[in-house]
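S.K.: Pasting a structure below so you can have a look.
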Amino acid sequence: MKCAPFDYVRASSVEETVKVLGEAAGEGKILAGGQSLVPVLALRMARPAVLVDVNRVPGLSTIRRLDDIVEVGATVRHSRLVEQPEHPLLAEAARWIGHTAIRSRGTTGGSIAHADPSAELPVVAVATGASVTVAGPHGSRDVDAEELFVSALMTSLDEDEMITAVRFPRPARWGFAEFARRHGDFALVTAVVTEVRGRPRITFGGVASVPQRATTAEQALADGKPATEVARIAAEEIEPTADLHGSVEFRRGIAAEMTRRALVQFDSEQEHSR
Amino acid sequence: MKISFSVNGERADLDVEPRRTLADALRDDCGLTGTHLGCEHGVCGACTILVDGEPARACLMFAVQVDGASVSTVEGLQGTDGELHPVQEAFVACHGLQCGFCTPGMLMSACHLLDTKPDADRETIRAEMSGNICRCTGYQSIVDAVERAREEMCAPAVRDSNTAAPWGATFPEE
Chain A
3 MKCAPFDYVR
13 ASSVEETVKV
23 LGEAAGEGKI
33 LAGGQSLVPV
43 LALRMARPAV
53 LVDVNRVPGL
63 STIRRLDDIV
73 EVGATVRHSR
83 LVEQPEHPLL
93 AEAARWIGHT
103 AIRSRGTTGG
113 SIAHADPSAE
123 LPVVAVATGA
133 SVTVAGPHGS
143 RDVDAEELFV
153 SALMTSLDED
163 EMITAVRFPR
173 PARWGFAEFA
183 RRHGDFALVT
193 AVVTEVRGRP
203 RITFGGVASV
213 PQRATTAEQA
223 LADGKPATEV
233 ARIAAEEIEP
243 TADLHGSVEF
253 RRGIAAEMTR
263 RALVQFDSEQ
273 EHSR
Chain B
26 MKISFSVNGE
36 RADLDVEPRR
46 TLADALRDDC
56 GLTGTHLGCE
66 HGVCGACTIL
76 VDGEPARACL
86 MFAVQVDGAS
96 VSTVEGLQGT
106 DGELHPVQEA
116 FVACHGLQCG
126 FCTPGMLMSA
136 CHLLDTKPDA
146 DRETIRAEMS
156 GNICRCTGYQ
166 SIVDAVERAR
176 EEMCAPAVRD
186 SNTAAPWGAT
196 FPEE
């Protein structure tokens with residue numbers, strides 16, 4: 003349970019981080035909160051030659067409200083997301099991440115870059131139509147969250163790029179429901195219902211290799227179908243796989259119920275805002 | 026790599042390999058074996074310590090990351106003449122431990138909880154302590170202990186005197 007040796011670079015800027023990653027030519031990894039990376043290293047499932055520690059890079063740990071968008075810096079800890087008042091859906095989702103000692107270390111950029119399909123923040127990123135700011139050797143670019151996630155634990159980031167911030171639009175209203183076997187575990191199913199730019203979105207975590215939208219169910223919701231009907235359509239539309247945590251039928255059942263619960267919260271928000 | 030940090034208010038100067046976890050550095054280089062290592066990959070919570078007042082799993086941090094930081098471990102809980110911290114007293118009184126392996130992590134999590142949420146109810150305590158696994162007690166007595174410690178420490182009259190915490194100590198100058 004000890005990591006293989008690596009070179010350690012404590013980066014003092016985004017430029018330095020990108021430069022070191024480039025020089026490492028695919029053998030470098032960014033160390034942020036370390037809550038996913040360090041277990042992988044300890045189990046020797048990965049043996050990067052270089053770790054670039056971005057925890058002390060200035061300017062990456064701010065939360066900024068920009069009109070209807072909340073920009074979260076890459077090294078903002080989950081515990082701060084829980085406390086911030088600017089984006090209530092983000093706060094609720096962050097509350098479900100792991101345990102206290104994990105939330106106090108884990109970071110937004112790290113969770114998005116790790117791209118675990120059962121993790122909370124990637125689902126919220128897709129559910130809100132978030133944009134991910136990525137720095138590379140030739141400057142900065144913005145990537146839609148839906149295009150960032152390629153497969154389980156895989157993103158479209160190049161090996162010499164790093165996430166510097168994530169811009170989460172504030173949904174007009176939202177609902178969030180998650181089911182896990184034990185408190186703090188990764189989700190078996192997360193369902194997030196949002197209204198973004200006047201359109202409803204239904205997004206799942208834990209049912210596919212990336213956060214997945216149920217577009218037929220979204221249309222049914224836009225058409226005013228009742229919650230149980232929308233939930234049923236959503237659960238039929240997704241294609242979960244069976245694993246030791248549950249069968250396909252079980253996951254569909256949970257997905258339908260989580261959708262229904264998220265829709266209840268989504269609808270009650272509408273009443274509040276009226 | 027040379028690093029300097031504060032452990033329970035005392036300065037530590039170490040020369041460590043980058044891959045050395047903070048848990049191993051505390052136990053083997055600082056001789057502070059109170060921080061226990063269970064799973065060594067961030068699941069069990071036994072190695073929970075405080076870094077600059079925030080809880081962290083010492084097996085998921087590298088020692089080089091705490092250069093200049095202030096670390097608090099279970100050894101820092103006892104008073105200057107060796108008396109137990111109110112949280113430790115409560116664990117003794119409520120049978121909050123049997124084998125004691127998970128206890129250092131439980132104590133540090135409980136201290137952080139009572140420091141940040143002095144009004145925590147039983148449900149909050151259960152949620153906040155859920156990152157620490159115990160295979161002996163069945164948890165009821167641990168939750169009892171944290172509740173008892175909360176009553177001891179967080180009554181308004183004694184809150185200021187009893188929660189003069191070892192964490193948050195400033196980094197000692199040479």
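If you're matching them up, the sequences are chains A and B in order. In this text, residue positions in the first sequence follow my numbering: the first is 3, and each later residue adds one. In this text, residue positions in the second sequence follow my numbering: the first is 26, and each later residue adds one. For every residue, glycine included, the Cβ atom is placed at its ideal position computed from N, Cα and C. On a predicted model such as this, the values are computed, not experimentally measured, just so you know.
1. Looking only at C-alpha atoms, which of A:V212, A:H116, A:D269, A:D225 sits nearest to E149 (chain A)?
2. Is it the case that the Cβ atoms of V98 (chain B) and N157 (chain B) are separated by a distance below 8 Å?
3. What's the gap between the Cα of S103 (chain B) and the Cα of H137 (chain B)?
4. Measuring only between beta-carbons, confirm whether G101 (chain B) sits less than 8 Å from chain A.
5. Using the beta-carbon of each residue, which ones in chain B are nearer than 7 Å to L45 (chain A)?
6. In whole angstroms, what is the alpha-carbon distance linking V152 (chain A) and F206 (chain A)?
7. Roughly how many angstroms lie between the CA atoms of T105 (chain B) and R183 (chain A), to the nearest whole one?
8. Applying the 10 Å Cβ sphere with the 16-neighbour rule, what's the burial state of M260 (chain A)?
9. Considering only residues of the same chain and omitting the five flanking positions on each side of A258 (chain A), which have a CB-CB separation below 8 Å?
10. Whole angstroms is fine: what's the gap from V16 (chain A)'s alpha carbon to G163 (chain B)'s?
11. Cβ of P111 (chain B) less than 8 Å from any chain A Cβ?
12. For the beta strand (DSSP E) containing I28 (chain B), name the first residue and the last one.
13. Taking the beta carbon of P124 (chain A) as the centre, do at least 16 other beta carbons fall within 10 Å, making it buried, or is it exposed?
14. By DSSP's criteria, V168 (chain A) is part of a beta bridge. Which residues make up the other side?
15. Run the CB neighbour count on D40 (chain B), radius 10 Å, all protein chains shown included, and call it buried at 16 or more, exposed below.
16. Given that D9 (chain A) touches chain B, what residues does it touch there, using C-beta distances under 9 Å?
17. Could you check what DSSP says for R276 (chain A) in three-state terms: helix, strand or coil?
18. Specify the secondary structure class of R82 (chain B) as computed by DSSP and reduced to three states.
19. Closer than 8 Å between beta carbons: that is the criterion. Which residues of the segment 48–59 of chain A meet it against chain B?
20. If distances are taken between C-alpha atoms only, which option among A:V78, A:R82, A:V22 comes closest to A13 (chain A)?
21. Just checking: is the beta-carbon of A27 (chain A) within a distance shorter than 8 Å of some beta-carbon in chain B?
22. Return the first residue and the last residue of the alpha helix (DSSP H) that E94 (chain A) is part of.
23. Counting only Cβ pairs nearer than 8 Å, list the residues of chain A close to Q165 (chain B).
24. Which word fits D169 (chain B), buried or exposed, when buried means at least 16 other C-beta atoms lie within 10 angstroms of its C-beta?
25. So what's E271 (chain A) in DSSP terms, helix, strand or just coil?
M.R.: The answer reads as follows:
1. Among A:V212, A:H116, A:D269, A:D225, the Cα nearest to that of E149 (chain A) belongs to A:V212.
2. Rather than Val, the amino acid found at residue 98 (chain B) in this sequence is Thr. Not in contact: T98 (chain B) and N157 (chain B) (Cβ atoms no closer than 8 Å).
3. Note that residue 103 (chain B) is Gln in the sequence shown here, rather than Ser. Straight-line Cα distance between these residues: approximately 15 Å.
4. no
5. Near L45 (chain A) (Cβ distances below 7 Å), the residues of chain B are H66.
6. When only Cα atoms are considered, V152 (chain A) and F206 (chain A) end up about 15 Å apart.
7. Taking the straight line joining both Cα atoms gives about 44 Å.
8. buried
9. These residues qualify, in order along the chain: A233, R234, A236, A237.
10. 47 Å
11. no
12. 27–32
13. buried
14. In the DSSP assignment, the residues bridged to V168 (chain A) are A:V74, A:V134.
15. exposed
16. P43
17. Confidence is the limiting factor: at R276 (chain A) the pLDDT is only 41, short of 50, which leaves the residue's position unreliable, though a coordinate-based value still follows. Residue state, collapsed to three classes: coil.
18. strand
19. L53, D55, N57
20. A:V22
21. no
22. Where E94 (chain A) is concerned, the enclosing alpha helix (DSSP H) stretches over 90–97.
23. Correct list: empty, because the minimum Cβ distance to chain A is about 16 Å.
24. buried
25. In the displayed model, E271 (chain A) falls within a helix according to three-state DSSP.
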